[in-house]
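One structure is given here, and the rest of the page talks about it.
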Amino acid sequence: MSDNQNLLAEQRRALILDEIRRRGGVRVNELTRRLNVSDMTVRRDLDALARQGVVEKVHGGAVPVVQASSHEPGFEAKSGLEPGAKEAIARAAAKLVTPGSALALSGGTTTYALAQRLLDVPDLTVVTNSVRVADVFHSASRHPGPSGREGAATVVLTGGVRTPSDSLVGPVADRAISTLHFDLLFLGVHGISVEAGLSTPNLAEAETNRQFVRSARRVIVIADHTKWGTVGLSSFASLEDVDTLVTDAGIPEVLREEIAEHLSSLVVADTSGPDT
Numbered sequence: 001m002s003d004n005q006n007l008l009a010e011q012r013r014a015l016i017l018d019e020i021r022r023r024g025g026v027r028v029n030e031l032t033r034r035l036n037v038s039d040m041t042v043r044r045d046l047d048a049l050a051r052q053g054v055v056e057k058v059h060g061g062a063v064p065v066v067q068a069s070s071h072e073p074g075f076e077a078k079s080g081l082e083p084g085a086k087e088a089i090a091r092a093a094a095k096l097v098t099p100g101s102a103l104a105l106s107g108g109t110t111t112y113a114l115a116q117r118l119l120d121v122p123d124l125t126v127v128t129n130s131v132r133v134a135d136v137f138h139s140a141s142r143h144p145g146p147s148g149r150e151g152a153a154t155v156v157l158t159g160g161v162r163t164p165s166d167s168l169v170g171p172v173a174d175r176a177i178s179t180l181h182f183d184l185l186f187l188g189v190h191g192i193s194v195e196a197g198l199s200t201p202n203l204a205e206a207e208t209n210r211q212f213v214r215s216a217r218r219v220i221v222i223a224d225h226t227k228w229g230t231v232g233l234s235s236f237a238s239l240e241d242v243d244t245l246v247t248d249a250g251i252p253e254v255l256r257e258e259i260a261e262h263l264s265s266l267v268v269a270d271t272s273g274p275d276t
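Shown next as structure tokens:
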């Protein structure tokens with residue numbers, strides 16, 4: 001199967017998943033008519049989504065797997081999800097950063113991938129509540145690469161209480177962030193939707209993210225296509241609070257149109273491979 005065919009399959013499955021989540025379930029024959037594909041193709045797509053743990057197959061169709069809105073996966077569990085998409089998003093997001101900027105990076109596996117792409121951008125000031133993100137810059141300063149630039153970024157790690165995703169949240173983090181001002185905020189999210197906006201299963205993390213949003217001149221959300229339609233326990237921002245969404249090509253065209261109605265800018269990262 002070619003890369004183009006793989007990409008089409010990813011987009012089709014994202015569309016199927018969105019339809020299942022919106023309607024609470026679909027039948028195979030409905031999907032074959034809507035997508036103009038064979039019964040066998042739809043069943044393969046449902047098998048793939050079932051293996052990902054996002055749908056449950058039932059007789060004649062599928063229904064969504066509904067996790068508790070307060071369920072928060074750990075960092076390691078999230079690291080294995082959509083690694084190619086996260087790398088593509090990180091490449092695209094890094095292009096939005098200019099030398100000398102003051103940045104905020106929230107917690108998450110996508111911001112972790114972005115941090116690794118920012119090591120060669122000079123004179124950055126990076127404020128983060130992610131232990132993992134801070135470790136990326138700390139390790140680079142101890143073991144500089146071929147460029148030999150040791151300590152290129154000034155990194156500030158907020159205090160706070162550690163979450164399962166290795167973010168620091170709570171009053172200490174909130175107070176630290178509230179006194180600062182960022183050129184750009186790169187924000188990872190648990191879920192994103194038109195109705196709920198940006199959401200997280202962690203109440204304390206929601207408040208810390210609100211502080212990040214208030215302190216940033218521009219808010220850039222970096223999230224792969226699987227985050228669309230997911231809703232966590234607590235919303236902390238609306239889509240109108242977001243300046244740019246950087247996502248991957250797994251987002252179907254119909255969803256891109258819906259997202260574009262609420263955002264100033266949508267960047268769809270190229271998942272075909274690293275920059276040439």
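1 is the number of the first residue of the sequence shown in full-length UniProt numbering; add one for each residue after it. We put the beta carbon where it would ideally sit given N, CA and C, even for glycine. Computed from a predicted model, the values in this text were never measured in an experiment.
Taking a contact to require three or more Cβ pairs closer than 8 Å, the segment 231-238 and the segment 84-99 do not qualify as touching. If you check the CB distance, Val172 and Thr158 come in under 9 Å.
The closest CA to that of Leu185, considering only Phe137, Thr244, Pro83, is found on Thr244. Rounded to whole angstroms, the separation of the alpha carbons of Arg218 and Asp183 is 6 Å.
Here Leu15 has Leu35, Pro252, Val254, Leu255 as same chain residues with Cβ atoms under 8 Å from its own Cβ, once five neighbours each way along the sequence are excluded. In the displayed model, Leu245 falls within a strand according to three-state DSSP. Pairing Glu207 with Ile259, the inter-Cα distance amounts to about 24 Å.
Close CB contacts of Arg21 within its chain, under the 7 Å cut and outside five residues either way in sequence, are with Pro64, Gly229 (chain order). The C-beta of Gly191 has 16 or more other C-beta atoms within 10 Å across all chains shown, which makes the residue buried. Within the same chain, Cβ atoms closer than 7 Å to the Cβ of Ala140 are found at Leu119, the five residues on either side in sequence being excluded.
In terms of Cβ geometry, Phe137 and Val126 form a close pair [threshold 9 Å].
In this structure, the straight-line span from the alpha carbon of Val55 to that of Val156 is close to 40 Å.
When only Cα atoms are considered, Gly84 and Ile177 end up about 31 Å apart. Taking C-alpha positions only, Gln11 is separated from Leu187 by approximately 24 Å. Per DSSP, the unbroken beta strand (DSSP E) holding Gly191 starts and ends at 191-193.
With distances taken between CA atoms, Asp123 lies nearest to Ala152 out of Gly53, Ala152, Val189, Ala104.
Annotation: the continuous beta strand (DSSP E) that includes Leu187 extends over 182-187. In the DSSP assignment, Lys57 falls within the beta strand (DSSP E) that extends over 55-58. Closest in alpha carbon position to His181, among Gly197, Val189, Val213, is Val213.
Boundaries for Ser106: no beta strand (DSSP E) harbours it, and the DSSP string shows neither H nor E there. For Arg210, the closest C-alpha among the options Leu114, Val189, Ala223 is that of Val189. Distances from the CA of Ser193 to each of Asp224, Val161, Leu239, Leu203 were compared; the closest alpha carbon is that of Leu239. Secondary structure note for Gly84: its alpha helix (DSSP H) is the uninterrupted segment 83-94.
With distances taken between CA atoms, Ser106 lies nearest to Glu205 out of Arg23, Ala88, Glu205.
Ala115 is positioned such that its CB atom lies no closer than 9 Å to that of Asp270. The Cβ atoms of Ala93 and Val267 sit closer than 9 Å to each other. In this chain, the beta strand (DSSP E) harbouring Leu266 covers 265-269. Checking the DSSP bridge columns, you'll see Ile222 partnered with Val246. Between the alpha carbons of Thr163 and Asp39 lies a distance of about 43 Å.
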